[in-house]
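There are 2 protein chains.
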Amino acid sequence: MTRRRRPTLDDVADAVGVSRATVSNAYNRPDQLSARLRDQVLRVAAELGYAGPDPTARSLATSRTGAIAVLLDTSLSTAFSDPALSLTLDALARVVDPRGHALLLLPGGAHGGPPAERVLGAQADIAVAYSLADGVAALDAVRTRGLPLVVIDQPLVPGAARVGCQDRLGAALAARHLRELGHRRFGIFAAHSHVRPGGGALTAAEAAGAAFRDTRERLAGYLGELDSCEVVLHEAAGLSAESALDGAFALLGAVPRPTAVLCMSDQLALAVLAAARQLGIAVPGEVSVAGFDDSPPASWSSPPLTTVRQDLVAKGRIAGELVLSLLDGGSGAVPTAGSVSAAGSMSAAGSVSAAGSASASAEVPVSLVVRGSTGPA
Amino acid sequence: MTRRRRPTLDDVADAVGVSRATVSNAYNRPDQLSARLRDQVLRVAAELGYAGPDPTARSLATSRTGAIAVLLDTSLSTAFSDPALSLTLDALARVVDPRGHALLLLPGGAHGGPPAERVLGAQADIAVAYSLADGVAALDAVRTRGLPLVVIDQPLVPGAARVGCQDRLGAALAARHLRELGHRRFGIFAAHSHVRPGGGALTAAEAAGAAFRDTRERLAGYLGELDSCEVVLHEAAGLSAESALDGAFALLGAVPRPTAVLCMSDQLALAVLAAARQLGIAVPGEVSVAGFDDSPPASWSSPPLTTVRQDLVAKGRIAGELVLSLLDGGSGAVPTAGSVSAAGSMSAAGSVSAAGSASASAEVPVSLVVRGSTGPA
DNA sequence: CAGCGTGACTGAAGCGCTTCAGAATGTCCA
DNA sequence: TGGACATTCTGAAGCGCTTCAGTCACGCTG
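Chains as they are written, first to last, in the numbering used here: chain W, 1 to 377; chain C, 1 to 377.
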């Protein structure tokens with residue numbers, strides 16, 4: 001069992017009787033040696049149990065690791081409890097995988113982002129930050145390391161590339177829809193956004209200081225359509241399903257009860273649906289509920305959820321293309337319209353802007369999907 | 001913008017006027033130099049914009065990367081659509097994080113596991129395989145590289161450590177429960193297991209050849225309790241929610257319809273619940289449904305799901321401890337009873353066995369959780 | 001005062017690979 | 001026949017860091 005030291009390139013070279021460079025070429029540049037010799041090298045390598053060039057040594061020599069650091073806001077289970085993340089990362093992974101890049105997950109710690117130390121020590125060629133709170137230390141660490149950066153659903157950082165969605169517009173669409181249905185008493189349900197650490201009721205002014213850009217934007221979108229309406233704001237205590245449920249009960253327990261609840265994610269909306277069922281409140285009879293994202297579970301719920309659709313797959317794909325472009329030394333130019341539309345979205349390609357040569361921002365379009373969870377007041 | 005080459009250890013050393021070794025020590029072994037000098041080194045490093053030792057170079061020198069390769073069966077979105085994975089990986093990550101290890105995700109390709117090439121090129125100290133089909137190439141690649149290996153919910157590989165759950169017992173508990181309720185006509189719903197690529201009805205003999213150990217074990221557990229009962233077997237076409245729903249319709253459409261459906265995961269059971277609702281079939285009035293895993297959504301469904309509970313967090317935690325132990329040169333000894341019970345499970349610590357000095361196997365215990373989805377025939 | 005333990009720092013040998021500028025040999029055509 | 005090219009392979013210089021065996025100076029002890 002105590003195997004000898006693993007064989008290295010040199011061992012193979014010695015065994016074959018060629019130079020180290022030749023063995024390296026056998027793996028990396030087959031055109032640099034005769035097919036015959038190459039076969040022999042590979043055969044001897046197999047005999048010796050040589051598994052191919054050591055990834056770390058190769059990385060040092062080439063200064064590319066083949067990994068993408070994914071900076072998350074929270075723990076893995078919390079982060080992945082929202083299907084939106086899996087969908088987006090999956091699409092991202094599919095784009096970068098053919099180029100040999102894998103995802104290195106850096107879950108968030110207590111302060112809403114991975115510890116700087118983890119970022120500094122991560123073996124990665126580039127960082128992707130997903131919906132981090134503004135100003136977390138992890139982003140500074142990315143900069144000090146000089147890593148290229150792509151941010152998703154976050155404010156644009158100078159020098160980085162960004163992809164997001166039309167948050168404000170989407171929120172406005174949902175609010176307008178409910179308003180047109182005659183609703184005048186609204187609940188707004190925000191995800192945990194560090195305003196009120198324990199969660200709870202919020203004033204609009206407080207919410208405007210949320211640590212997350214999408215929270216701020218969506219809020220603005222809602223409120224812009226709700227002039228002269230009663231509005232109750234609630235922030236969830238955490239990102240877990242339990243805290244969402246707590247918040248849902250609080251919102252539905254408000255007196256007088258809102259006739260419509262605008263939720264900043266489908267997860268929150270589904271929690272409101274669950275709470276309403278438990279309380280015996282009819283949806284959409286007594287209360288209408290709208291979500292945001294149009295993640296898959298939105299269409300399976302009962303009633304199926306009215307929600308703001310954003311193309312999560314396209315978002316991930318664009319992020320992936322930005323990653324590749326930055327890796328190629330590009331300046332984070334926004335992927336061409338061709339690739340965006342190839343993303344399968346039927347709507348217009350969304351707004352896009354390149355601010356200077358060093359940063360770029362893309363947004364996927366949104367649209368309202370009306371299903372069964374909303375009805376007349 | 002065109003910054004000079006990033007500073008290295010040597011640059012800092014030169015700037016301070018000390019040797020390279022001293023700067024290295026400033027970062028890695030503070031006790032090796034005077035506090036005064038160390039401060040100076042760190043200060044100069046900051047001025048120079050040096051972000052600390054390059055992770056790759058450090059890895060090459062120390063031969064530790066600080067990453068754990070996680071081998072998945074499917075794409076990310078599919079894999080993470082089951083909360084069981086997030087929960088387990090989260091628990092695993094929490095155990096290894098304090099030691100500076102992050103997770104490198106290697107999603108599965110067409111053949112039910114990551115391509116060997118990805119495994120060979122992954123920068124990782126150890127591999128964790130999660131519920132891979134038997135005999136995928138990725139596992140061979142792990143061996144050729146000589147990477148330590150921990151498998152979760154898979155057959156034990158020689159030289160690896162393993163953690164799983166008492167699949168057979170759990171399945172038997174569920175089947176017995178329904179049988180005792182008077183059911184005699186059963187449906188069994190298996191996840192995609194490569195027997196019938198397109199999904200569909202299966203004979204017991206076919207199912208016994210499933211590519212996944214847990215499928216085989218759970219099946220055996222069910223069937224062992226169902227003597228002289230009618231049994232219809234169905235395999236889902238894929239792992240997506242859509243294919244689960246299709247399978248659920250097929251099972252509920254069988255004539256005569258089963259009065260009880262045993263599902264090999266909660267995801268499948270929830271799909272059956274959804275299908276039943278759409279078909280107007282009362283649960284548990286007309287059909288009883290049981291799941292497996294007791295993932296969080298099991299308790300939120302309506303009716304809440306009767307299911308086999310396994311402590312997913314404990315499973316992840318044990319896996320994490322096995323990882324650390326293997327990394328420490330341990331032989332994959334099963335974590336002590338202390339750590340297992342610390343996992344928060346109230347039941348007995350499950351069965352554990354160490355086969356030889358080079359491999360070990362742990363199983364988390366299971367128990368039946370009876371909720372609202374099962375009732376008398 | 002010789003001898004010695006100690007704290008602080010350094011030199012240099014790797015870690016395993018890539019890559020680039022040649023060297024060696026063979027080929028082709030004028 | 002001889003020079004211009006290809007083709008195939010090699011030597012050696014890194015990539016940026018860790019680490020181990022010292023070296024050096026200093027203060028202490030007997």
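Just so you know, even glycine gets a beta-carbon here, dropped at the ideal spot from N, CA and C. Only a predicted model underlies this, so the values are computations on that prediction, with no experimental measurement involved.
Per DSSP, E286/W is not a residue of any beta strand (DSSP E), being assigned neither H nor E.
Residues are counted here when their Cβ sits less than 7 Å from a Cβ of chain W; for the stretch 105 to 135 of chain C these are L105, L106, P107, R118, L120, G121, A122, Q123, given in chain order. If the five residues before and after H234/C are omitted, its C-beta is found closer than 8 Å to the C-beta atoms of G187, I188, F189, A190, G199, G200, A201, L202, G247, A250, L251, all from its own chain and listed in chain order. According to the DSSP assignment, T78/W belongs to no beta strand (DSSP E) but to the alpha helix (DSSP H) extending over 76 to 80. Residue nearest to L262/C within the set S361/C, L71/C, R185/C is R185/C (criterion: CA-CA distance). Within chain W, S75, L76, L105, P107 have C-beta atoms less than 8 Å from the C-beta of A93/C, given in sequence order. Taking C-beta atoms as the reference points, V195/C and D294/C fail to come closer than 7 Å. Interface flag for A275/C against chain W is unset, since no Cβ pair is found closer than 7 Å. Between the alpha carbons of D134/C and D90/C lies a distance of about 24 Å.
Comparing alpha carbon positions, the residue from A124/W, Q278/W, P365/W closest to D54/C is A124/W. Close to D90/W, with beta-carbon spacing below 7 Å, are these residues of chain C in chain order: S75, L76, S77. Excluding the 5 residues flanking it on each side, L120/C has same chain C-beta neighbours closer than 8 Å at A141, T144, R145, in chain order. Taking 7 Å as the cut-off, the beta carbon of T22/C is found closer than this to the beta carbon of L33/C. For the stretch 218 to 276 of chain C, the full-length alpha helix (DSSP H) segments reaching 4 residues or more read 241 to 253 along the chain.
Using a Cβ-Cβ distance cut-off of 8 Å, the stretch 297 to 311 of chain W and the stretch 262 to 275 of chain W are in contact, since at least three pairs of beta carbons, one from each stretch, lie closer than that value. Here DSSP, grouped into helix, strand and coil, assigns I281/C to coil. The beta carbon of R38/W does not come within 7 Å of any beta carbon belonging to chain C, so the residue lies off that interface. A residue is called buried when at least 16 other Cβ atoms come within 10 angstroms of its Cβ; G291/C meets this threshold and is buried. Sorting S265/W, S367/W, I281/W, S228/W by C-alpha distance to the C-alpha of D311/W places S367/W at the top. Around A51/C, the beta-carbon contacts reaching into chain W at under 8 Å are L120, A141, T144, R145, G146. I152/W is not a Cβ neighbour of H101/W, given a cutoff of 7 Å. No Cβ of chain W is located within less than 7 Å of the beta carbon of P98/C. For S59/W, at least one C-beta of chain C is nearer than 7 Å to its own C-beta. The continuous alpha helix (DSSP H) containing Y27/W extends over residues 20 to 28.
At a cut-off of 7 Å between C-beta atoms, P55/W counts as an interface residue with respect to chain C. For L87/W, the neighbours in chain C by C-beta distance under 7 Å run, in chain order, S77.
By the rule that beta-carbons nearer than 7 Å mark a contact, R5/C does not touch chain W. Along the length of the stretch 111 to 153 of chain C, whole alpha helix (DSSP H) runs at least 4 residues long occupy 116 to 121, 137 to 145, reported in chain order.
Rounded to whole angstroms, the gap between the alpha carbons of G209/W and G375/C is 51 Å. Within the DSSP secondary-structure output, R162/C pairs in a beta bridge with V151/C, S361/C.
For T306/C, the secondary structure class from DSSP, reduced to helix, strand or coil, is strand. Nearest to R6/W by alpha-carbon distance, out of G109/W, L48/W, L149/W, R218/W, is L48/W. Contact check for P114/C against L85/C fails: the beta carbons are separated by 7 Å or more. Under the Cβ criterion of 7 Å, A138/W is not counted among the residues facing chain C. Contact check for L226/W and A175/W: beta-carbon distance about 6 Å, within the 8 Å limit, so the pair qualifies. Chain-ordered listing is empty here: chain C has no CB closer than 9 Å to the CB of G238/W, the nearest sitting near 14 Å.
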